[in-house]
Each structure stands twice: as C-alpha cells, then as structure tokens.
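>
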Amino acid sequence: DAKTTQPPSMDCAEGRAANLPCNHSTISGNEYVYWYRQIHSQGPQYIIHGLKNNETNEMASLIITEDRKSSTLILPHATLRDTAVYYCIAAGGTSYGKLTFGQGTILTVHP
Amino acid sequence: ETGVTQTPRHLVMGMTNKKSLKCEQHLGHNAMYWYKQSAKKPLELMFVYSLEERVENNSVPSRFSPECPNSSHLFLHLHTLQPEDSALYLCASSQEPSGNYNEQFFGPGTRLTVL
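Heads up: the sequence lines are chains W and A, in that order.
First residue of the first sequence? That's -5 in this note's numbering, and the numbers climb one at a time after it.
First residue of the second sequence? That's 395 in this note's numbering, and the numbers climb one at a time after it.
Rendered as structure tokens:
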C-alpha cells in the first residue's frame, strides 16, 4: 500500500465545513483512496472511498486531485459527534483485504 | 450498529490464563480480520481469513491463535500472553478481499488487559 501523510490534528467549529487533507504521492494506478474514522474507544467506521473521480455520500465528500497525489475529505457541516481520528488509506491492487492504518488526523469539533 | 459483534467487550487475564475472543458478523461477508490497537499506535493487521482460509498472518506470535470455523465466526485464542499484549483487539469483515474495493466493517473491539 502507498504511504499516506496526514496532519496530526485539526480543529473545526461546529456547523462549519471540515476539510481534512491527505498526501499519497506514491499511490499506484490501481489503488483506491479510503477514508475511515474512529471515535474514541470504538471500532473504525468506513466513510468513503474513490479512485480518481470526486465522490459524495451522505457522510462526506472526497476530492482527489487530477494527479491523484493528494485528496481532501470534506465534512460539510461538522457536528460535535464528528470528533474522531480520521484515517486516509491508499490500498488495492495486490494488497488483498489489507488496509494499513497510519496515525491519522485527530479532528476536534468545537461548539 | 455495524453488524459485527465482539465478546467479551472487556477482558482481564493473567499471563498463565487461556482465553478466547469471539467475533460474529451478521452481514453475509466472507472475509474476516483481526487487528490489534495498542495505546497511541496505529491499528496493526494480525490475521486475514477469506472463505474460512487464513490468507494473511502478519508475523504474529504463536501465543495468538486464530480460528475461523465458518464465514460468520472468528475466534482469537490467547495463551501465555505478556503485559505488552494489552490492547484493543478489533474484528472486521468485508465482502471479500477483492483487491480493488475493500470496505471493512469493524466491531466495537475487546479491551484486553494482561496482568
């Protein structure tokens, strides 16, 4: 799996958009970008994934740059319950079933 | 509710004890995973089972012994553990390791403390 780099922590005001960046400059052509989050002491939760097109679901939007070397997860209206560790993972291709979690970004949403 | 359950949620055991962690998925998936999350460390993949066959073992010590009797159940048998094995043990499942799309559903974890 390609290595990803995320800022260790970010803050966001409740109701505002949270934009979480991720660098994956060594991503290969058949690797997807996945985002998971982990709320304190719970199991990780899948948020969204994409290959090269921007994606949106009920939780978030994923913007992937044209060269696929970086991406941004957008939580459009952050709530206090969005406070969690957010993990960006590049995986796929021959890495069957393998997700390599890094340290992630601790997002703190403030009232 | 993720559809993946783990029992027990908390476990305290001595170094000479033998215990087992249980995971059950109600999602019809055919791949299951064990992860370990130590304090202030990233999640570490331990084992992967696909169609009840072990397909990955990430250099895990033999004091951890997985068992997958069917596609819905996964066990982690523990014996003669060390205090440094204290961690959150997470189970996950997915439709199958496809190589291209892998949404894993995680259970709530078992918080293990080894005394």
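For glycine and all other residues, C-beta sits at the position ideal for the given N, C-alpha and C.
Does the stretch 404 to 413 of chain A come into contact with the stretch 470 to 489 of chain A, if we say contact requires no fewer than three beta-carbon pairs (one atom in each stretch) closer than 8 Å?
The stretch 404 to 413 of chain A vs the stretch 470 to 489 of chain A: in contact.
> Ordered along the chain, which non-local residues of its own chain (more than five positions away) have a Cβ less than 6 Å from that of W/Val103?
The count along the first sequence starts at 1 and reaches residue 103 of chain W at position 109. Closer than 6 Å at the Cβ level, and outside the excluded window around W/Val103, lie Cys6, Glu8, Ala72, Leu74, Asp76, Thr77.
> Since W/Leu56 and W/Ile33 should fall inside the 8 Å C-beta cutoff, what is the C-beta to C-beta distance between them, to a whole number of angstroms?
Taking the first residue of the first sequence as 1, we reach residue 56 of chain W at position 62. Taking the first residue of the first sequence as 1, we reach residue 33 of chain W at position 39. No, W/Leu56 and W/Ile33 are not in contact; Cβ-Cβ is about 19 Å, not under 8 Å.
> Near W/Thr121, what residues of its chain come up, given a Cβ to Cβ distance below 6 Å and the 5 sequence neighbours on each side ignored?
Examination of residue 121 of chain W is not possible in this model, given that chain W is present from -5 through 105 alone.
> Going by beta carbon distance, what residues of the same chain come within less than 8 Å of A/Glu463, once the five residues before and after it are set aside?
One-based indexing of the second sequence puts residue 463 of chain A at position 69. It is Pro, not Glu, that sits at residue 463 of chain A in the sequence shown. Around A/Pro463: Glu446, Phe469.
> Give a yes or no on whether the minimum CB-CB distance between A/Gln476 and chain W is below 9 Å.
As a working note, residue 476 of chain A is residue 82 in the second sequence. No, A/Gln476 does not count as interfacial toward chain W.
> Could you tell me the boundaries of the beta strand (DSSP E) in which A/Ala425 lies?
Taking the first residue of the second sequence as position 1, residue 425 of chain A is located at position 31. Element bounds for A/Ala425: 425 to 431.
> Considering just the uninterrupted stretch of the beta strand (DSSP E) at W/Ser3, what are its terminal residues?
As a first step, residue 3 of chain W is located in the first sequence; it is residue number 9 there, counting from the start. Looking at the DSSP string, the run of the beta strand (DSSP E) that includes W/Ser3 is 3 to 7.
> Should W/Ala54 and W/Leu67 be called a contact, given that it needs their Cβ atoms to be closer than 9 Å?
On the first sequence, residue 54 of chain W is found 60 positions in, with the first residue counted as 1. On the first sequence, residue 67 of chain W is found 73 positions in, with the first residue counted as 1. Yes; because the gap between Cβ atoms is below 9 Å, this pair is in contact.
> Considering only the beta carbon of each residue, do A/Asn451 and A/Glu438 sit closer than 9 Å?
Against the second sequence, residue 451 of chain A aligns to sequence position 57. Against the second sequence, residue 438 of chain A aligns to sequence position 44. Result no, Cβ atoms of A/Asn451 and A/Glu438 do not sit closer than 9 Å.
> Is it buried or exposed, A/His404, if we count other Cβ atoms within 10 angstroms and call 16 or more buried?
As a working mapping, residue 404 of chain A is identified with position 10 in the second sequence. With fewer than 16 Cβ atoms within 10 Å of its Cβ, A/His404 is classed as exposed.
> Quick check: is the beta carbon of A/Asn464 nearer than 9 Å to any beta carbon in chain W?
Here residue 464 of chain A corresponds to residue number 70 of the second sequence, with the count starting at 1. Chain W, which has no Cβ nearer than 9 Å to the Cβ of A/Asn464, makes this no.
> Nearest to W/Ser22 by alpha carbon, out of W/Gln97, W/Tyr40, W/Ser64?
Mapped onto the first sequence, residue 22 of chain W falls at position 28. For W/Ser22, the nearest C-alpha among the options comes from W/Ser64.
> For A/Lys430, count neighbouring C-beta atoms within 10 Å of its own C-beta (all shown protein chains included) and say buried if the count is 16 or more, exposed if not.
Within the second sequence, residue 430 of chain A is the residue found at index 36, counting from 1. By the neighbour-count rule (16 or more Cβ atoms within 10 Å), A/Lys430 is buried.
> Taking only heavy atoms of the ligand MN into account, decide whether any of them is closer than 8 Å to the Cβ of W/Tyr30.
Of the ligands one can find in the structure shown there are none, so the ligand MN has no counterpart to examine.
> Count the other C-beta atoms from every protein chain shown that fall within 10 angstroms of the C-beta of A/Val406, then say buried if there are 16 or more, exposed otherwise.
Counted from its first residue, the second sequence places residue 406 of chain A at position 12. Exposed.
> Report the option in A/Thr504, A/Gly503, A/Gln489 whose CA atom is closest to the CA atom of A/Glu497.
To locate residue 497 of chain A, count along the second sequence from 1; it is residue 103. Ranking the options by Cα distance to A/Glu497, first place goes to A/Gln489.
> Distance check for W/Ala12 and A/Ser444, CA to CA, integer angstroms please.
Residue numbering aside, residue 444 of chain A sits at position 50 when the second sequence is read from its first letter. Residue numbering aside, residue 12 of chain W sits at position 18 when the first sequence is read from its first letter. So the two alpha carbons sit approximately 36 Å from each other.
> Can you find a CB in chain W that lies within less than 9 Å of the CB of A/Pro502?
Taking the second sequence and counting its residues from 1, the one referred to as residue 502 of chain A is at position 108. By this cut-off, A/Pro502 is an interface position.
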